[in-house]
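If you read the protein sequences in the order shown, they are chains A and B. The working numbering applies: residue 1 is where the first sequence begins, and numbers increase by one. The working numbering applies: residue 1 is where the second sequence begins, and numbers increase by one. Shown next, in structure tokens, is the structure this report addresses.
2 protein chains.
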Amino acid sequence: MKMLERLSGETRLFPIIGDPIIFVKSPQRLTSSFAARGRNAICVPMQVPEADLERVMHGLSRIPNIDGLLITMPHKFTAFKYCATSSARAKLLGVVSVMRRNPDGSWHGDMLDGLAFVQAQKDRGAQPDGARVLLIGAGGAGSAIAIGLLEAGVRDLIIHDTDEARVVHLIGLLAGLGRVTAGPPDPTGCDMVCNATPMGMAAGDPLPVAGDLLLPSMFVGDVIAGHGVTPLLQAARAAGCKTANGVQMVEAVQEMMLDFMLGK
Amino acid sequence: MKMLERLSGETRLFPIIGDPIIFVKSPQRLTSSFAARGRNAICVPMQVPEADLERVMHGLSRIPNIDGLLITMPHKFTAFKYCATSSARAKLLGVVSVMRRNPDGSWHGDMLDGLAFVQAQKDRGAQPDGARVLLIGAGGAGSAIAIGLLEAGVRDLIIHDTDEARVVHLIGLLAGLGRVTAGPPDPTGCDMVCNATPMGMAAGDPLPVAGDLLLPSMFVGDVIAGHGVTPLLQAARAAGCKTANGVQMVEAVQEMMLDFMLGK
Numbered sequence: 001m002k003m004l005e006r007l008s009g010e011t012r013l014f015p016i017i018g019d020p021i022i023f024v025k026s027p028q029r030l031t032s033s034f035a036a037r038g039r040n041a042i043c044v045p046m047q048v049p050e051a052d053l054e055r056v057m058h059g060l061s062r063i064p065n066i067d068g069l070l071i072t073m074p075h076k077f078t079a080f081k082y083c084a085t086s087s088a089r090a091k092l093l094g095v096v097s098v099m100r101r102n103p104d105g106s107w108h109g110d111m112l113d114g115l116a117f118v119q120a121q122k123d124r125g126a127q128p129d130g131a132r133v134l135l136i137g138a139g140g141a142g143s144a145i146a147i148g149l150l151e152a153g154v155r156d157l158i159i160h161d162t163d164e165a166r167v168v169h170l171i172g173l174l175a176g177l178g179r180v181t182a183g184p185p186d187p188t189g190c191d192m193v194c195n196a197t198p199m200g201m202a203a204g205d206p207l208p209v210a211g212d213l214l215l216p217s218m219f220v221g222d223v224i225a226g227h228g229v230t231p232l233l234q235a236a237r238a239a240g241c242k243t244a245n246g247v248q249m250v251e252a253v254q255e256m257m258l259d260f261m262l263g264k
Numbered sequence: 001m002k003m004l005e006r007l008s009g010e011t012r013l014f015p016i017i018g019d020p021i022i023f024v025k026s027p028q029r030l031t032s033s034f035a036a037r038g039r040n041a042i043c044v045p046m047q048v049p050e051a052d053l054e055r056v057m058h059g060l061s062r063i064p065n066i067d068g069l070l071i072t073m074p075h076k077f078t079a080f081k082y083c084a085t086s087s088a089r090a091k092l093l094g095v096v097s098v099m100r101r102n103p104d105g106s107w108h109g110d111m112l113d114g115l116a117f118v119q120a121q122k123d124r125g126a127q128p129d130g131a132r133v134l135l136i137g138a139g140g141a142g143s144a145i146a147i148g149l150l151e152a153g154v155r156d157l158i159i160h161d162t163d164e165a166r167v168v169h170l171i172g173l174l175a176g177l178g179r180v181t182a183g184p185p186d187p188t189g190c191d192m193v194c195n196a197t198p199m200g201m202a203a204g205d206p207l208p209v210a211g212d213l214l215l216p217s218m219f220v221g222d223v224i225a226g227h228g229v230t231p232l233l234q235a236a237r238a239a240g241c242k243t244a245n246g247v248q249m250v251e252a253v254q255e256m257m258l259d260f261m262l263g264k
């Protein structure tokens, strides 16, 4: 009863806002982690329809015992404009997944998803520093992961997406951060392969990369969570690769969110 | 861990809004009661400065998994205007202490403090129906209690306040609800005596009524909570009266709030 015993008028609030909201796991996970760290704090779910974000943000901003916000779909892009300050990666993407208070009460935003993806890979043996990496998917997740990889020291980043315009746009966005090129979904010569597409969620999806070209020296990561071992990770394991999955990314992001919310 | 186990994306929210907020007991009490009734619901504290109520209300109204609000100082009067509908007693006072959703998402307000005060008396043997009652204090608490007493069938209500204008105002407000008159703080001839003033909170406060005129047949109730047995209740017990105190009122109001929030 640790959490309930501490719930009181002094409890600090960290709502997660999104729509739909019923599927989010952060209320239980983050609240448990707050308790484990001895904090009287709780993450509560708040359903916020897309059209109502402005009014809700104006309201929540005026509640001083709300110390932070977790942002999920569909608000990750629109929430950015309510941040007075933000990390360089959040600015680059125009996206925030977490917000905490500045000393003056305004919001500081960050986007931790890409960082957490890379952390999950590193925790399982990947060495992105100096690596050559094939990234599949140049959408929201892919963009965040691309930045995470470059921040981790990736030397050569090859990006593939069936939508070539998205690749061109992302490469433009990443200009100056490292060597980034467009390429085919061929892992040959790469140290890491990262899937940032939904491919593997539906039965019968093709592999996002040429699975028969995977080698034991390659580290293979997948963003997909909650769908068991995806066909890509099955192929990677069969080829002798080390792997990381979307659940491990989600676990990493929880700890990062907690550190961020507590100002670390 | 019952509460924490159920905390999830499906949890329904019932914030309590006020300023200061750190002293409120509803988050733990109401949340425990929700759990005891098998509800995945939580009461969370929200500090809302007086000047920010409008923006906060506009925001909270747009969060569909907020099913109800508890209102405490300084918002009990101002929150009334955000209620599309309200009980007759809330309208009379222009005050709400609780709000729940109407089917269209708008707010329905009520003011349960007076009702809870009377319930605490009845639970301990008072019989307000047909009674003659002396009420001390014509402020916010006194006004709510006056209505609660008249709704419970009090035949004669005598109100005393050192501020005579407040008594005149309250008697005007209660016109049509029953026989209400101004009078001295003399319990002679009364079945019940109710203190709705802060007298008894500070050391050296005089008794709100003439204590030497209390008789064993009188029921004596006090709104003061958290200050032990007040001098009035000490005098009442010494005189052989049955009594009820402010803590018992607070307990009664918790159950009433829960019933109200759950639409009962």
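The C-beta atom is built at its ideal place from N, Cα and C for all residues, glycine as well. Keep in mind the model is a prediction, meaning the values are calculated, not measured.
So, with DSSP's three-state summary, where would you put B/L7?
Secondary structure at B/L7: coil, using DSSP grouped into helix, strand and coil.
Problem - Rounded separation between A/R6 and A/P27 - CA only - result: Take the alpha-carbon of A/R6 and the one of A/P27: they are about 16 angstroms apart.
request  = Identify each residue in the segment 56-70 of chain B for which the Cβ-Cβ distance to at least one residue of chain A is less than 9 angstroms, and report them in chain order.
outcome  = From the segment 56-70 of chain B, only V56, M57, H58, G59, L60, S61, R62, I63, P64, N65 and I66 have a Cβ closer than 9 angstroms to chain A.
Compute the Euclidean distance between the alpha carbons of A/D67 and B/G38, then round it to the nearest angstrom. Approximately 29 angstroms, taken between the alpha carbons.
- Query: Should B/I159 be flagged as near chain A, meaning a C-beta pair shorter than 9 angstroms?
  - Reply: Under the 9 angstroms criterion on CB atoms, B/I159 is classed as non-interfacial with respect to chain A.
- prompt: Closest by CA to B/H108, which one among B/V95, B/A120 and B/L115?
  reply: Ranking the options by Cα distance to B/H108, first place goes to B/V95.
query = So with Cβ pairs under 9 angstroms, would you call B/M99 a contact of chain A?
reply = Answer no: the Cβ-Cβ gap between B/M99 and chain A never drops below 9 angstroms.
Whole angstroms is fine: what's the gap from A/K25's alpha carbon to A/N245's? Their backbone Cα atoms lie some 17 angstroms apart in a straight line.
Which word fits A/M249, buried or exposed, when buried means at least 16 other C-beta atoms lie within 10 angstroms of its C-beta? The C-beta of A/M249 has 16 or more other C-beta atoms within 10 Å across all chains shown, which makes the residue buried.
Reduced DSSP secondary structure (H/G/I, E/B, other) of B/A239: Note: B/A239 maps to coil in three-state DSSP.
Original post:
Does the distance from the CB of A/R200 to the CB of A/I224 come in under 9 angstroms?
Top reply: Per the sequence presented here, residue 200 of chain A reads as Gly, with Arg not at that position. Yes. Within cutoff.
**Neighbour list for A/L7 in chain B, Cβ cutoff strictly below 7 angstroms** = A/L7 reaches chain B at P27, Q28 and T31, counting residues in chain order whose Cβ is nearer than 7 angstroms.
*Mind listing, in chain order, the continuous alpha helix (DSSP H) runs of no fewer than 4 residues lying wholly within the segment 106-176 of chain B?*
If we require 4 residues or more, the alpha helix (DSSP H) runs fully inside the segment 106-176 of chain B come out as 113-123, 140-151 and 164-173.
Would A/M218 and A/V193 qualify as a contact pair, given that the criterion is a beta-carbon distance under 9 angstroms? In this structure, A/M218 sits near A/V193, with a CB-CB distance shorter than 9 angstroms.
Report the neighbours of B/V48 on chain A: residues whose CB is nearer than 8 angstroms to its CB, in chain order. R62 and I63, listed in chain order.
inquiry  = Please list, in chain order, the chain A residues whose beta carbon lies closer than 7 angstroms to that of B/D52.
reply    = Listed by position along chain A, the residues whose Cβ is nearer than 7 angstroms to that of B/D52 are R62.
Item checked: Exposure of B/I145, with buried meaning 16 or more beta-carbon neighbours within 10 Å -> B/I145 should be labelled buried.
- Message: At the 9 angstroms Cβ level, is A/T11 part of the contact set with chain B, yes or no?
- Response: Yes, because at least one Cβ of chain B sits closer than 9 angstroms to the Cβ of A/T11.
How would you list, in chain order, the residues of chain A whose beta-carbon sits under 7 angstroms from the beta-carbon of B/I42?
Per Cβ cutoff of 7 angstroms: V44.
Just mark B/G130 as buried or exposed, buried being the case when its beta carbon has 16 or more other beta carbons within 10 Å. B/G130 is exposed by the Cβ-count criterion.
Next item on the list: Quick one: grab the DSSP three-state call for B/P45.
Entry: Strand.
**OP:** Sort B/I42, B/G263, B/T243 and B/T72 by Cα distance to B/E50 and report the nearest one.
**Re:** The closest CA to that of B/E50, considering only B/I42, B/G263, B/T243 and B/T72, is found on B/T72.
*Look at the alpha carbon of B/C43 and the alpha carbon of A/E54, and state the distance between them as a whole number of angstroms.*
Computed Cα separation, rounded: 24 angstroms.
- Item | Three-state class that DSSP yields for B/F77 in the structure shown | Collapsing the DSSP output to three states places B/F77 in coil.
Should A/P20 be flagged as near chain B, meaning a C-beta pair shorter than 9 angstroms?
Among the residues facing chain B, A/P20 is included, as its CB has a counterpart in that chain under 9 angstroms away.
Selection from A/L112, A/V209 and A/V168 that minimises the alpha carbon distance to A/G139
When each option's Cα is compared against that of A/G139, the closest is A/V168.
Query raised in the report: Who are the near neighbours of B/A90 in its chain, counting only those whose CB is closer than 6 angstroms to its CB and skipping five residues on each side?
Result: Here the set comprises V96, G109, D110 and M111.
Suppose contacts are defined by Cβ-Cβ distances below 9 angstroms. Is B/I158 in contact with B/V133 by that definition? A contact, by the Cβ cut-off of 9 angstroms.
Notebook entry, point to check: Mind checking whether A/I16 and A/M46 have CB atoms under 9 angstroms apart?
Noted result: Yes; because the gap between Cβ atoms is below 9 angstroms, this pair is in contact.
Just confirm the distance between the C-beta atoms of A/G221 and A/A79, as a whole number of angstroms; I'd bet it's less than 8 angstroms.
Not really, about 26 angstroms apart at Cβ, beyond 8 angstroms.
*In the structure shown, what three-state DSSP assignment does B/F14 receive?*
Note: B/F14 maps to coil in three-state DSSP.
**OP:** Take A/T197 and list the residues in its own chain whose beta-carbon comes closer than 7 angstroms to its own, dropping the five residues that flank it on each side.
**Re:** So the list reads I136, G137 and P208, once near-sequence residues are dropped.
8 angstroms Cβ shell around A/A182 - same chain, five flanking residues per side excluded:
Excluding sequence neighbours, A/A182 sits near I158, I159, H160, E164, V167, V168 and I171.
Notebook entry, point to check: Do you know offhand how far B/P187's Cα is from B/V247's?
Noted result: Answer to the nearest angstrom: the Cα atoms are 23 angstroms apart.
Worksheet item: Interface residues of chain B around A/V24 at Cβ under 9 angstroms?
Response: Within chain B, the residues placing a beta-carbon under 9 angstroms from that of A/V24 are S8 and G9, ordered along the chain.
So what's B/V209 in DSSP terms, helix, strand or just coil?
-> Coil.
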